[in-house]
Structure formats: structure tokens, C-alpha cells
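Q: Residues 2 to 120 (the working numbering) make up the sequence shown, in order. Here it is: the structure, laid out below.
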Amino acid sequence: MANHSFETLAYELEDGVATITLNRPDKLNAFNTQMMKDLIAVFDVTDADDAVKAVIVTGAGRGFCAGADLSAGGETFDYDKRGGEDQAARQRDGVQRDGGGLVSLRIYDSLKPVIAAVN
């Protein structure tokens, strides 16, 4: 089995079940651009692996996900000011999308059933 590592996620595969754990418990797993990229990438991994029969998404620590990481303050959603790579990462089919929307579309496109284990 290939070793898959992600900055904001933990990934395990056991008995055909891939478990994706949002892994920023110190921030209550708040969603940021890196987590968006990691989630899209990990669903590419699960789709490509025939050993994966189902996917569970859960969160480390005491909360599943606090929502958007607002640590950038007023600039959190100012994508024009942040520009560059962040802006390019938020496009799908030539349409600018928010990060949560891109992840939702990727999960929708998943070839495997996906279950959220919300804590």
C-alpha cells in the first residue's frame, strides 16, 4: 500500500474502508485552503484505489469541523487580495468557487460511497 500523507488530514485504509480524519484539532479542524487541497487530493486517492470500498470522513479531537478558519480576519474571504495560487485553486470548469463548494463537488463526484462521522 502506498503511503499517503497530507498536511491537514490523516488517512487510513483498513478492511476496504478508507478513513479520512480532519486533523487540525487545535483549531477545531477549521477549514482552510490547505485542507481544501488535501481533501480534493485524498478523494483522488480513494477513487484510484480498488481496495477502497467506502470512505468515512471524521474529525480529530472534540469537534468535526468549526467551519471556515477565520484567523486571517477581514481578509479571510478577500480572494482578490490573496490572489495567485489560492485563486487558481478555487476554480473548477473555469468558474470561481469557494473552497467548501469545491470539496462538496469532489465528494459528489466520488466513485465510492462517503459517510460523515460527525462528532
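The C-beta atom is built at its ideal place from N, Cα and C for all residues, glycine as well. The model shown is predicted, which means the values in this text are computed figures rather than measured ones.
From Ala117, Arg107, Phe65 and Val119, pick the residue whose C-alpha is nearest to that of Asp27; which is it?
A: That would be Phe65, whose Cα lies nearest to the Cα of Asp27.
Q: Less than 8 angstroms separating the beta-carbons of Phe44 and Gly100?
A: In this structure, Gly100 does not lie closer than 8 angstroms to Phe44 by Cβ.
Q: Tell me the DSSP secondary structure of Phe32 in three-state form.
A: Here Phe32 sits in strand by DSSP.
Q: From Glu15 to Asp48, what distance separates their C-alpha atoms?
A: Cα to Cα, Glu15 sits roughly 15 angstroms from Asp48.
Q: For Tyr12, which residues of its own chain have a beta-carbon under 8 angstroms away from its beta-carbon, when the five flanking residues on both sides are left out?
A: So the qualifying residues of the chain are His5, Ser6, Ala19, Thr20, Ile21, Thr22, Val43 and Val46.
Q: Checking 8 angstroms against the spacing of the C-beta atoms, do Val115 and Met37 come in under that value?
A: It is not a contact, given that the beta carbons lie outside the stated cut-off.
Q: Since Asn120 and Gly60 should fall inside the 8 angstroms C-beta cutoff, what is the C-beta to C-beta distance between them, to a whole number of angstroms?
A: Between Gly60 and Asn120 the Cβ distance is about 6 angstroms, and since that is below 8 angstroms, they are a contact.
Q: So, are the CB atoms of Lys113 and Val58 less than 8 angstroms apart?
A: For Lys113 and Val58, no; Cβs fall outside 8 angstroms.
Q: Could you please give the first and the last residue of the uninterrupted alpha helix (DSSP H) stretch that includes Leu1?
A: An answer regarding residue 1 cannot be provided, because it is not within the stretch 2 to 120 covered by the chain.
Q: Rounded to the nearest angstrom, what separates Arg107 and Ala117 at their Cα positions?
A: Straight-line Cα distance between these residues: approximately 14 angstroms.
Q: Consult DSSP for Leu23 and reduce its assignment to one of helix, strand or coil.
A: Reduced to three states, the DSSP call for Leu23 is strand.
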